[in-house]
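Data block below; observations after.
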Amino acid sequence: MKDWQSLRSDLARQGYVAPPDLAMALALAVALGRPLLLEGAAGVGKTEVARALAMARDTRLIRLQCYEGLDASHAIYEWNYQRQLLAIRASAEAGETGRAVEARIFSEDYLLKRPLLEAITQDVPPVLLIDEIDRADEEFEAYLLEVLSDFQITIPELGTIAATARPIVILTANGTRDLSDALRRRCLYAHVDYPDRATEIAILAARCPEIEARLAGQIVGFVQAVRREELEKKPGIAEMLDFAAALAGLGVNDLTDDPAILQASLATLLKTQRDRAGFTTEVAQRLAGVAA
3 MKDWQSLRSD LARQGYVAPP DLAMALALAV ALGRPLLLEG AAGVGKTEVA
53 RALAMARDTR LIRLQCYEGL DASHAIYEWN YQRQLLAIRA SAEAGETGRA
103 VEARIFSEDY LLKRPLLEAI TQDVPPVLLI DEIDRADEEF EAYLLEVLSD
153 FQITIPELGT IAATARPIVI LTANGTRDLS DALRRRCLYA HVDYPDRATE
203 IAILAARCPE IEARLAGQIV GFVQAVRREE LEKKPGIAEM LDFAAALAGL
253 GVNDLTDDPA ILQASLATLL KTQRDRAGFT TEVAQRLAGV AA
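As structure tokens, then:
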């Protein structure tokens, strides 16, 4: 119990207010050396968990951003072909050929480490963030299973490279597609949801301490009311913080003071034309009145 509470306090010092179940899952993942899969809507703070954890442990954050078509060469390693060609030409001009040239150009000096290889070759365990794994193809997910099982990578020209320090692995998913049972079995799991009112106020206080408590309560109440509207893209925590910073910069002390400023500030919260068009001044004032 003490370990997860200590970790929660460490995260809070980095500005991340973690609910108890998430802090417990993180502590277990670290203690057991298992990957942690975080699922939840976009904008709830899944990626920020990895950043805060890396800062709390004073270690490096290595991020692999997943996308459709991601392959091993972009995720693990590739050879620096331009340097290899230059080395071959220089060797030919010097009259050097054969195995000596081949051994030199297929050495670590010519290897470009991508996030997965970079993560397992650190002296100090880094935090490896595999972001939006559900955007990658199923083929890449299957390959990833091997890396997460053994924490070693085989490079035909160099042999097998095993982890010098096992990274702390955090995977995130937004529900773009279903993940395989095999991946889920290899991971611990936590679902990250939008924070409740008290937690979101605590997040705002940690990130924007200059905002006085009454206005902070109005901001959080307003943003949470906006999320309950029928929107294409609900504002996340980052958008709430941008909204708060915008209001503070404009000198707003009360959300109901100036409808025009409030309406203009919605640029930080609403990110599609349809959402902006449907969110009239009357709607904004109604929600601001409730939040006040």
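Take 3 as the starting number for the sequence shown in the working numbering and just add one per residue. For glycine and all other residues, C-beta sits at the position ideal for the given N, C-alpha and C. Small disclaimer: the values here were computed from a predicted structure and weren't measured.
Run through the DSSP bridge pairs and tell me what residue i is partnered with.
| i | result |
| --- | --- |
| Y196 | Per DSSP, none; premise fails for Y196. |
| E41 | A175 and H193 |
| G161 | I157 |
| Q67 | D133 |
| I170 | V129 |
Near residue i, which residues of its chain fall below 6 Å by C-beta distance, leaving aside the five closest residues on each side in sequence?
| i | result |
| --- | --- |
| A250 | I213 |
| G17 | A208 and R209 |
| R15 | none |
In whole angstroms, what is the alpha-carbon distance linking residue i and residue j?
| i | j | result |
| --- | --- | --- |
| M3 | R10 | In this prediction, M3 has a pLDDT of 48, which is less than 50 and means its spatial position is unreliable; nothing more can be read from the coordinates. |
| E134 | A94 | 46 Å |
| L24 | K48 | 10 Å |
| N255 | R216 | 9 Å |
| A279 | D125 | 52 Å |
| A138 | P22 | 30 Å |
| T162 | P37 | 21 Å |
| D136 | I90 | 41 Å |
| S151 | L114 | 23 Å |
| L173 | L72 | 15 Å |
| V46 | L131 | 16 Å |
| E50 | L88 | 41 Å |
| A27 | L13 | 13 Å |
Residues in the same chain with beta-carbon distance under 8 Å from residue i, minus the five sequence neighbours each way, listed in chain order, please.
| i | result |
| --- | --- |
| Q67 | D133 and E134 |
| H76 | R116 |
What residues in its chain sit with their C-beta under 7 Å from that of residue i, if we drop five residues either side in the sequence?
| i | result |
| --- | --- |
| A165 | I122, F153 and Q154 |
| A204 | V19 |
| T201 | V19 and P21 |
| S8 | none |
| T283 | P261 and Q265 |
Please report the Cβ distance between residue i and residue j, rounded to the nearest whole angstrom; I am assuming they are in contact, meaning their Cβ atoms lie under 8 Å.
| i | j | result |
| --- | --- | --- |
| V129 | A29 | Rounded, the Cβ-Cβ distance is 14 Å, inconsistent with contact. |
Inter-stretch contact at 8 Å, needing at least 3 Cβ pairs: the segment 191-207 / the segment 150-157:
Touching, no, given that fewer than three Cβ pairs across the two stretches are closer than 8 Å.
Would you call the segment 34-52 in contact with the segment 73-86, where contact means no fewer than 3 C-beta pairs closer than 8 Å?
They do not touch, by the three-pair rule.
Using a Cβ distance threshold of 8 Å, determine whether the segment 265-276 contacts the segment 227-243, with at least three qualifying pairs required.
The segment 265-276 is in contact with the segment 227-243.
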